[in-house]
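Remarks on the structure that follows.
Number of protein chains: 2
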Amino acid sequence: MQKLTLKKIARELDVSISTVSKSLKDSPEISEDTRQKVKAFAKLYNYRPNTIALSLKNRKTKTIGVIIPEIVHHFFTTVVSGIEKVANEKGYTVIIGLSNESFDKEVTNMEKLANGSIDGFILSVSRETQLKKDYHHLKESIDHGMPVVLFDRTIPEIECDKVVVDDTQGAKNAVLKLISSGCTNIALITTEDHVNVGKLRTSGYQHALEERGIDFSDRLVLKLKDEFNEEGLEGQLNSGIELFLRSNPDIDAIFAVNEKYALTAMKAARALGKQIPSELKVVGFTDGVLSKYATPSLTTVSQHGIQLGEKAAELLIRRLEEDDYEPPYQTVVVETRLIERESTSQG
Amino acid sequence: MQKLTLKKIARELDVSISTVSKSLKDSPEISEDTRQKVKAFAKLYNYRPNTIALSLKNRKTKTIGVIIPEIVHHFFTTVVSGIEKVANEKGYTVIIGLSNESFDKEVTNMEKLANGSIDGFILSVSRETQLKKDYHHLKESIDHGMPVVLFDRTIPEIECDKVVVDDTQGAKNAVLKLISSGCTNIALITTEDHVNVGKLRTSGYQHALEERGIDFSDRLVLKLKDEFNEEGLEGQLNSGIELFLRSNPDIDAIFAVNEKYALTAMKAARALGKQIPSELKVVGFTDGVLSKYATPSLTTVSQHGIQLGEKAAELLIRRLEEDDYEPPYQTVVVETRLIERESTSQG
DNA sequence: TTCATTTACGAAAACGTTATAGTGTTGATA
DNA sequence: TATCAACACTATAACGTTTTCGTAAATGAA
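Those sequence lines, one after another, are chains A and B.
Numbering follows this note's numbering, with no gaps: position 61 of the first sequence is 61.
Position in the second sequence (from 1) plus 1000 gives the number in this note's numbering.
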């Protein structure tokens, strides 16, 4: 009924615990006879070594702690599925902690997991952490010899392995595409500057304009408050965007830094009687379900979350398993790809 | 540098390990003086007991294993976030395993976690498990005294706590709403019968028709193959639905058993020149991002995934913490709610 | 026969905790 | 002065492993 242990097998077969352990490991110290007997018994009763005891003994858990700001979030889940894939392949288990964009939850989650439960962290910092700029928990973890891999929302001041999306380049490509399609009044719908990725994507927008000799105009940039993303405030988002479009009727393209902004913009534009894509072209960022199922379907910058997760897990596991030498810290950049759909098609 | 342990504190302060342990627990056996000294030291160097050692000693890990078929999936992530919320409140950690709809991965994931890593499971079985009808892993787990809570995709043959969505009632309400709006030729877009939830929602559709004295017609039912949901086969889905709508021009409403079917249907209908909602009303199932951001936004049956997850975690933790008596198995039904949006508005 | 070597196993320590059961010193009581 | 309790600790076992070291018995060589 209850879990079988070495001790119980030993008692049952009237041998010592050591003999059982060694037999199961096929140690030549034990006679062929005894080995077979023990192995048969263990198999029959489906013996499995206790993971916790092994973790304690080996001082490693073969477990990775992943901390993300949100789980009801397409991009983060793709990353997690990438992490899980390679972790599993390499015999690791994944523990997930959610910060819910809160600094405190991020810290307590890390502290809880750091006390022996895991061998290393993969994490993307919460929005609040970015605002506070308090990274002591990350520093401490690294100083205590617990490897950390940061992804997507990374921190320049922290030295560790990192995996990032090339936000700037992705945004630039998106805008270049719009320019090539003949658009000249390209609006940017973005976040406030303290949101790292928003900032990077904004700079990509600027680079593209610059490269093609188009003047940057503040008038064409809408920076939306973070709070508008919260549950129940979609109305604010809507009206903000609608007002913006109404007061800038000459806009012939929109680059939005995420799917929601892009879809909301498309809806607002439609309400104002603009045809998409003939009168207005739209590009978003993040290839989630929304882009694919929108009408018209949305051209967007795919971030390859799965690859990002895979890479993060590879970096971490490599570091965990090299105990002889410490590989130098790396920052891997995952390239984006522009997925063209109906919202930018010609005609 | 490395992790602080009781032993190290003991050595440092020149007392025994027991004294340190008891001091930290404020045991009256230890003199006030010593207690303060130890606690000060522990605080200064930020001592945290090793979770693994505690787990081994207490034979409980304060960890819940959650196994879901997919993580890039809105509904499942809402459930996980509900689980995580109450788990955290009650001092539990969550480990996530993904079955990716595969029976084998489900089994190995469970076996791996069952060996001491967790105190109980919360899971939704994979599609393949439903097809195979092989539930030995669930039975074994329960027989070994490891509590299991099944959610959403549950198994009648397995005796354990369960949390389910009232699929039938939810579907029925949705269809009743369409009937009340004056629709008489209501189409159903559903899955094949072996998908449990598809079947239940289909029966809700039938109940509604029956209750209002409308004849059920096979002609108005489209059962879509599972494979069409795979990456890259969206085209098949599209053309299947389009053909269906084209050959049934009298349809004035659609009830689809998930968001994707509903959106795809809306798109196809629009392509055929049907106005939504004036000529065709549409209701989906699952209140995900798609419904909210669709154009027109989609009326849908919300499953309250968060509450479902919360309830599942509560059931499990209750069972884990009652060691004196075993509460009888419960099946909690989480009610659905129809969220009305543009796709069914009058006029 | 004696000593060395091999064979086949067992004892014990260790990982970091906690809980139970000692133990030596002090001070009070009979 | 002997006894006893209270005090303030320490030792030990236990959780389930693995691994190093130790050791009887059997074998082989001299």
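Think of the CB as a built atom: it goes at the ideal place given N, C-alpha and C, for glycine as much as any other residue.
Computed from a predicted model, the values in this text were never measured in an experiment.
Cβ-Cβ distances below 6 Å link glutamine 1236(B) to Phe1228 in the same chain, with the five nearest sequence neighbours on each side left out; the list follows chain order. The bridge partners DSSP lists for leucine 338(A) are Val301(A).
Less than 8 Å separates the beta-carbon of leucine 1056(B) from that of alanine 53(A).
Counting only residues of its own chain and dropping the five nearest sequence neighbours on each side, valine 38(A) has a CB closer than 6 Å to the CB of Val20, Ser23. Cβ contact annotation for valine 125(A) (same chain, cutoff 6 Å, sequence separation greater than five): Arg153, in chain order.
Counting the other Cβ atoms within 10 Å of the Cβ of proline 69(A) gives 16 or more, which makes it buried. Here lysine 1139(B) carries a helix assignment [DSSP, helix/strand/coil]. In the three-state reduction of the DSSP assignment, aspartate 1119(B) falls in the coil class, being assigned neither a helical nor a strand state. In this model, serine 141(A) and leucine 1006(B) are separated by some 20 Å (Cα to Cα).
The segment 1316–1329 of chain B makes no contact with the segment 1262–1280 of chain B, as fewer than three CB pairs between them are under 8 Å. A residue is called buried when at least 16 other Cβ atoms come within 10 angstroms of its Cβ; alanine 312(A) meets this threshold and is buried. Using a CB distance cut-off of 8 Å, glycine 1204(B) does not count as an interface residue toward chain A. Taking a 10 Å sphere around the C-beta of alanine 271(A), we find fewer than 16 other C-beta atoms and assign the residue as exposed. Using a C-beta cut-off of 8 Å, the segment 1180–1197 of chain B makes no contact with the segment 1109–1117 of chain B, since fewer than three inter-stretch Cβ pairs fall below that distance. For glutamine 2(A), a Cβ of chain B is located within less than 8 Å of the residue's own Cβ.
In this chain, the alpha helix (DSSP H) harbouring lysine 260(A) covers 259–271. Taking the C-beta atoms as reference points, threonine 1063(B) is found nearer than 8 Å to serine 1117(B). For lysine 1105(B), the enclosing alpha helix (DSSP H) begins and ends at 1103–1114.
Beta-carbon to beta-carbon, leucine 220(A) and alanine 256(A) are separated by about 12 Å, too far to satisfy the 8 Å threshold. Going by DSSP, glycine 1288(B) is part of no alpha helix (DSSP H) at all; its letter is neither H nor E. Between alanine 53(A) and chain B, the shortest Cβ-Cβ separation is below 8 Å.
Contact with chain B is absent for valine 175(A), since none of that chain's Cβ atoms lies less than 8 Å from the residue's Cβ. Neighbours of proline 1156(B) in chain A, taken as residues at a C-beta separation under 9 Å, are lacking, since the least C-beta distance is about 25 Å. A straight-line Cα-Cα distance of about 21 Å links glycine 198(A) and tyrosine 1293(B).
Put simply, of Ser1345(B), Val1332(B), Thr1344(B), Ser1343(B) the residue whose alpha carbon is nearest the alpha carbon of aspartate 1161(B) is Val1332(B).
In chain order, Ser1126, Glu1128 place their CB closer than 7 Å to the CB of serine 1102(B), counting only its own chain and leaving out the 5 sequence neighbours on each side.
Straight across, the Cα-Cα distance linking valine 148(A) with phenylalanine 121(A) is about 5 Å. Interface residue (Cβ-Cβ distance to chain A less than 8 Å): arginine 1048(B) is classified as such. Glycine 82(A) is positioned such that its CB atom lies no closer than 8 Å to that of isoleucine 339(A). No Cβ of chain B is located within less than 8 Å of the beta carbon of asparagine 238(A). Put simply, the CB of arginine 270(A) is near chain B, with a gap under 8 Å to one of its CB atoms.
The C-beta separation of aspartate 226(A) from threonine 191(A) comes to about 7 Å, placing the pair in contact by the 8 Å criterion. Residues are counted here when their Cβ sits less than 7 Å from a Cβ of chain A; for the segment 1207–1238 of chain B the count is zero. By the Cβ neighbour-count rule, glutamine 36(A) is exposed, with fewer than 16 other Cβ atoms within 10 Å of its own.
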